[in-house]
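Student: Mapping of the sequence shown onto the numbering used here: residues 384 to 751, in sequence order. Just so it is clear, CB atoms sit at the ideal spot from N, CA and C, and this is done for glycine as well.
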Amino acid sequence: MFTIQTLNKISATGLSVLNPKLYTCADAPEAPDAVIVRSASMHDMSIPQSVLSIARAGAGYNNIPVEACTEQGICVFNTPGANAGAVKELTICALLLASRKIAAGAKWCLSLAGDADAAKKIEKGKSAFAGPEIAGKTLGVIGLGAIGRMVAEAAQALGMQIIGFDPFLKNSDFETVSDINEIFKRSDYITMHAPLTEDTKNTINADTLALCKDGVRIVNFARGGLVNTADLLAALASGKCAAYVTDFPAPEMIGVDGVTALPHLGASTPESEENCAVMASRQTADYLENGNVTNSVNLPRLRKDGKSARVTVITAGDHAEELARLLNTTDYVSAVRGSVGYVIADEAAANAGRLADLDYVIRYRVLD
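Below is the structure:
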């Protein structure tokens, strides 16, 4: 029997895919085998030694201490694409919000509630909220993963010209550039769909903004840290940036003219929450029961069909051949991701005890 700790409210429909004969779910179990989390920060949590995996019901995983988890031999999953439809729709909405001053106009109309002359004032004041159409404009898409591609397709269907940048993309149906600076130079609108890493932090900064057209409009529904707050505010003040719409507003952005701040609504739909929970639950179950790894952010993708006296091993470095000899099996598969190796070996349980004292073995399991 496996115990799953759920942080945040995880969709009941998603958790229902777990076999009730094998799984129990609880908010604060004593020794959970796995964790499924949405947005709760785990950085200050003491993660029990019993935890084998953590699944983020969403694409971003900066709320999970991935490096510490790797050292502890915990597989960390995310659910890329599960919330893509919801984020795509809101991003398209954001492109319109960046253009037409819709939010400001709606707020102004509310201020006229109860005013007998509201109709006349609206007709007289509406010009203050005018803005351009997005059709015919160039949209630069930074990151053409599941969400970025869907945004590009939808924006193209609305008449926008698409250019994309993604260093990991091999093929695309859209024009792509190998130099991200081309995005800044050529785009009327820019939308961000990249993960937050040391390499992507502050992608939007004073230098990249200086390359942009005057009046560029920027949408960020990926992560707040992709944009340097001080530099963005300076660009808004100077007119270099005409509008910024974000789901991750820094405190100093709220209330600034030109900023439309939303409260992290990107994946806040019942459909998205259900899809993410279903994917997180299935990936967790496949790992706990079979050792298979799909959509992990710290272990290599690896799958082995069947299961007979199975042993799984997480290692520092690639030691697959040596492990196979120690386990006395030829029935194994292996893969490496960065400095982390992973082996799934069948017909090996009888010799698993030989792994206990190996310095390079981070964690091993004998599966029932």
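Tell me the residue span of the beta strand (DSSP E) that contains Arg-720.
Tutor: Looking at the DSSP string, the run of the beta strand (DSSP E) that includes Arg-720 is 715 to 720.
Student: For the beta strand (DSSP E) containing Leu-522, name the first residue and the last one.
Tutor: Where Leu-522 is concerned, the enclosing beta strand (DSSP E) stretches over 521 to 525.
Student: Just the Cα atoms here: how many angstroms apart are Ser-761 and Thr-583?
Tutor: With the chain covering only 384 through 751, there is no way to say anything about residue 761.
Student: Using only CA atoms, which one of Pro-431, Val-696 and Glu-730 lies nearest to Asp-416?
Tutor: If we check each option's Cα against that of Asp-416, Pro-431 comes out closest.
Student: By the 10 Å Cβ neighbour count, where 16 or more other Cβ atoms means buried, how is Ser-422 classified, buried or exposed?
Tutor: The residue is exposed, with fewer than 16 neighbouring Cβ atoms inside 10 Å.
Student: Determine the closest residue to Ile-727 out of Ala-733, Asn-734 and Ala-718, with distance taken between C-alpha atoms.
Tutor: The shortest C-alpha separation from Ile-727 is found at Ala-718.
Student: Out of curiosity, what's the CA-to-CA distance linking Leu-645 and Ser-482?
Tutor: Leu-645 and Ser-482: Cα-Cα distance of roughly 16 Å.
Student: List the endpoints of the continuous beta strand (DSSP E) containing Met-575.
Tutor: That run of the beta strand (DSSP E) goes 572 to 575.
Student: Note down, in chain order, each residue of its chain lying with its Cβ closer than 7 Å to the Cβ of Ile-530, except the 5 sequence neighbours on either side.
Tutor: These residues qualify, in order along the chain: Ala-467, Val-470, Lys-471 and His-576.
Student: If I measure Cβ to Cβ from Phe-631 and keep anything under 7 Å in the same chain, skipping five residues before and after, which residues do I get?
Tutor: The residues are Asn-603, Arg-606, Gly-607 and His-647.
Student: Can you give the beta carbon distance from Leu-552 to Leu-527, rounded, assuming they're within the 8 Å contact cut?
Tutor: The Cβ separation is near 5 Å, so the contact holds.
Student: In three-state DSSP terms, what is Leu-390?
Tutor: Three-state DSSP puts Leu-390 in coil, outside helix and strand.
Student: With C-beta atoms as the reference, is Ala-438 less than 7 Å away from Ile-419?
Tutor: The answer is yes: Cβ separation under 7 Å.
Student: Rounded to whole angstroms, what's the CA-CA distance from Glu-558 to Gln-544? Just pull it up for me.
Tutor: Taking the straight line from one Cα to the other gives about 9 Å.
Student: Give the straight-line distance between the Cα atoms of Asp-571 and Gly-523, rounded to the nearest whole angstrom.
Tutor: Roughly 8 Å between the two C-alpha positions.
Student: Given this structure, state the Cα-to-Cα distance separating Lys-504 from Lys-490, to the nearest angstrom.
Tutor: Spanning the two alpha carbons is a distance of roughly 14 Å.
Student: Anyone know if the C-beta pair for Val-744 and Thr-713 falls short of 7 Å?
Tutor: Not closer than 7 Å, so no.
Student: With 16 other CB atoms within 10 Å as the buried threshold, where does Gly-397 fall?
Tutor: Classification of Gly-397: buried, given that the 10 Å Cβ count is 16 or more.
Student: Does the separation of the CB atoms of Gly-519 and Gly-542 fall below 7 Å?
Tutor: A contact, by the Cβ cut-off of 7 Å.
Student: Under a three-way DSSP split, which group does Gly-608 fall into?
Tutor: In this structure, Gly-608 counts as helix in the three-state DSSP scheme.
Student: For the alpha helix (DSSP H) containing Ile-447, name the first residue and the last one.
Tutor: From DSSP, Ile-447 is part of no alpha helix (DSSP H); its letter is neither H nor E.
Student: Does the Cβ of Ile-566 have 16 or more other Cβ atoms within 10 Å, making it buried, or fewer, making it exposed?
Tutor: Ile-566 comes out buried.
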